[in-house]
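Peer 1:
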Amino acid sequence: DVKVTQSSRYLVKRTGEKVFLECVQDMDHENMFWYRQDPGLGLRLIYFSYDVKMKEKGDIPEGYSVSREKKERFSLILESASTNQTSMYLCASSTGQGVVETQYFGPGTRLLVL
Amino acid sequence: SQQGEEDPQALSIQEGENATMNCSYKTSINNLQWYRQNSGRGLVHLILIRSNEREKHSGRLRVTLDTSKKSSSLLITASRAADTASYFCAPGSSNTGKLIFGQGTTLQVKP
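Below you can see the structure in the form of structure tokens.
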């Protein structure tokens with residue numbers, strides 16, 4: 073079974089802090105994604121990556137950056153956390169190139185920025 | 028936008044009844060997927076239906092797709108309390124290589 077793990081289930085940070093959210097998948101998937109989920113807004117794509125060292129902006133990349141140095145790991149970085157980045161963050165991975173296949177999700181990280 | 032829009036936003040039924048959720052989208056798709064999310068958890072893939080398929084079954088789940096109407100439905104038969112969750116449709120296009128998730132339908136199954 074595909075396993076996607078996220079470094080923290082809950083995280084509390086202060087405004088202005090640099091925040092790292094880590095995601096690791098164990099199925100050699102090419103594609104990895106970061107979403108945020110907010111009530112009434114559904115899941116919104118922040119960034120995705122189709123290969124190592126490759127990244128593409130999603131629908132709401134502002135205030136975020138990502139890093140993919142190894143195939144199995146995709147990191148989301150909040151350069152200077154703000155209160156409006158309080159949210160549930162979900163990482164996902166999938167196989168396939170240019171084909172929209174099943175995405176496998178991690179358990180999520182609930183981030184609170186004070 | 029290809030975003031899936033689910034209807035209804037919330038549904039409450041008794042155990043044993045069937046639950047039907049609908050999804051509409053706006054552009055051409057390669058496939059359409061349905062996911063479930065239990066409270067506070069990640070999403071779990073339920074079923075994928077390709078654009079050349081009209082109906083697909085998986086256990087108590089039945090999904091239909093009508094590409095001419097740009098709509099899909101998810102039917103859960105003989106619902107159980109454990110089916111209580113949010114359900115999301117996600118149309119996908121090979122043009123963008125992305126899934127676009129709707130806001131979901133919250134299903135409550137009362138024992």
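Note that the protein sequences, when read in sequence, are chains X and Y.
Residue numbers for the first sequence follow this note's numbering, so the first one is 73 and each next one is one higher.
Residue numbers for the second sequence follow this note's numbering, so the first one is 28 and each next one is one higher.
Here a beta-carbon is modelled for each residue, glycine too, at the ideal position from N, C-alpha and C.
None of these values were measured; they are calculated from a predicted model.
Between which two residues does the beta strand (DSSP E) holding X/LYS142 run?
Peer 2: Element bounds for X/LYS142: 136-142.
Peer 1: Taking contact to mean at least 3 C-beta pairs separated by less than 8 Å, is the region 85-96 of chain Y in contact with the region 177-184 of chain X?
Peer 2: Flag = no, the region 85-96 of chain Y and the region 177-184 of chain X do not touch.
Peer 1: Could you name the residues of the same chain whose beta carbon sits closer than 7 Å to that of Y/ALA108, not counting the 5 residues immediately before and after it, in chain order?
Peer 2: Excluding residues within five positions, the ones whose Cβ falls inside 7 Å are GLU42, VAL136, PRO138.
Peer 1: Between Y/LEU102, Y/CYS50, Y/ILE40, Y/SER85, which lies nearest to Y/LYS96 when the distance is taken from Cα to Cα?
Peer 2: Checking every option, the nearest Cα to that of Y/LYS96 belongs to Y/CYS50.
Peer 1: In terms of alpha-carbon separation, which member of X/GLN109, X/SER139, X/SER152 lies closest to X/THR87?
Peer 2: Comparing Cα-Cα distances from X/THR87 to each of X/GLN109, X/SER139, X/SER152, the minimum goes to X/SER152.
Peer 1: Under the three-state reduction of DSSP, which class applies to Y/GLN130: helix, strand or coil?
Peer 2: DSSP places Y/GLN130 in coil when its eight states are reduced to three.
Peer 1: Do you know offhand how far X/SER137's Cα is from X/ARG108's?
Peer 2: Each residue's Cα considered, the two are about 13 Å apart.
Peer 1: For a test of the three-state rule: what should DSSP assign to X/ASN156, helix, strand or coil?
Peer 2: Here X/ASN156 sits in helix by DSSP.
Peer 1: Excluding the 5 residues preceding and the 5 following X/LEU117 in the sequence, name in chain order all residues of the same chain whose CB lies nearer than 8 Å to its CB.
Peer 2: For X/LEU117, where only same-chain residues beyond five positions count, the Cβ hits under 8 Å are PHE105, TRP106, TYR107, GLY130, ASP131, ILE132.
Peer 1: Give, in chain order, every unbroken run of the beta strand (DSSP E) that is at least 3 residues long and sits entirely within the region 42-85 of chain Y.
Peer 2: Segments of the beta strand (DSSP E) lying fully in the region 42-85 of chain Y: 46-51, 58-64, 70-77, 82-85.
Peer 1: Here's the rule I'm using: 16 or more other beta-carbon atoms within 10 Å means buried, otherwise exposed. How should Y/ALA46 be labelled?
Peer 2: Classification for Y/ALA46: buried.
Peer 1: For X/VAL84 and X/GLY135, what's the separation of their Cα atoms in angstroms?
Peer 2: So the alpha carbons of these two residues sit roughly 17 Å apart.
Peer 1: Counting only beta-carbon separations shorter than 8 Å, does X/PHE177 have a partner in chain Y?
Peer 2: It does: the Cβ of X/PHE177 has a partner Cβ on chain Y nearer than 8 Å.
Peer 1: Give me the subset of the region 37-63 of chain Y whose CB atoms are less than 9 Å from a CB atom of chain X, sorted by chain position.
Peer 2: Under the 9 Å Cβ criterion, the region 37-63 of chain Y contributes ILE56, ASN57, ASN58, GLN60, TYR62.
Peer 1: For Y/LYS125, would you say it is in contact with chain X, using Cβ-to-Cβ distances shorter than 8 Å as the test?
Peer 2: It does; some Cβ of chain X falls within 8 Å.
Peer 1: So which residues on chain X does Y/HIS72 lean against when the C-beta distance must stay under 9 Å?
Peer 2: Simply THR174, GLN175, TYR176, PHE177.
Peer 1: Under the assumption that X/TYR176 contacts X/VAL76 (Cβ atoms under 8 Å), give the Cβ distance between them as a whole number of angstroms.
Peer 2: The pair is a contact, with the Cβ atoms about 5 Å apart (cut-off 8 Å).
Peer 1: So Y/SER55 and Y/SER120 are supposed to be a Cβ contact under 8 Å. How far apart are they, rounded?
Peer 2: The Cβ separation is near 7 Å, so the contact holds.
Peer 1: Under a CB-based cut-off of 8 Å, is X/LEU115 close to chain Y?
Peer 2: So, interface residue.
Peer 1: Give the secondary structure of Y/ALA108 by DSSP, where H, G and I count as helix, E and B as strand, and everything else as coil.
Peer 2: Residue state, collapsed to three classes: helix.
Peer 1: Helix, strand or coil for X/TYR122? Go by DSSP, reduced to three states.
Peer 2: Of the three classes helix, strand and coil, the one that applies to X/TYR122 here is coil, per DSSP.
Peer 1: Classify Y/GLU33 as helix, strand or coil using the three-state DSSP reduction.
Peer 2: If DSSP states are grouped into helix, strand and coil, Y/GLU33 belongs with the strands.
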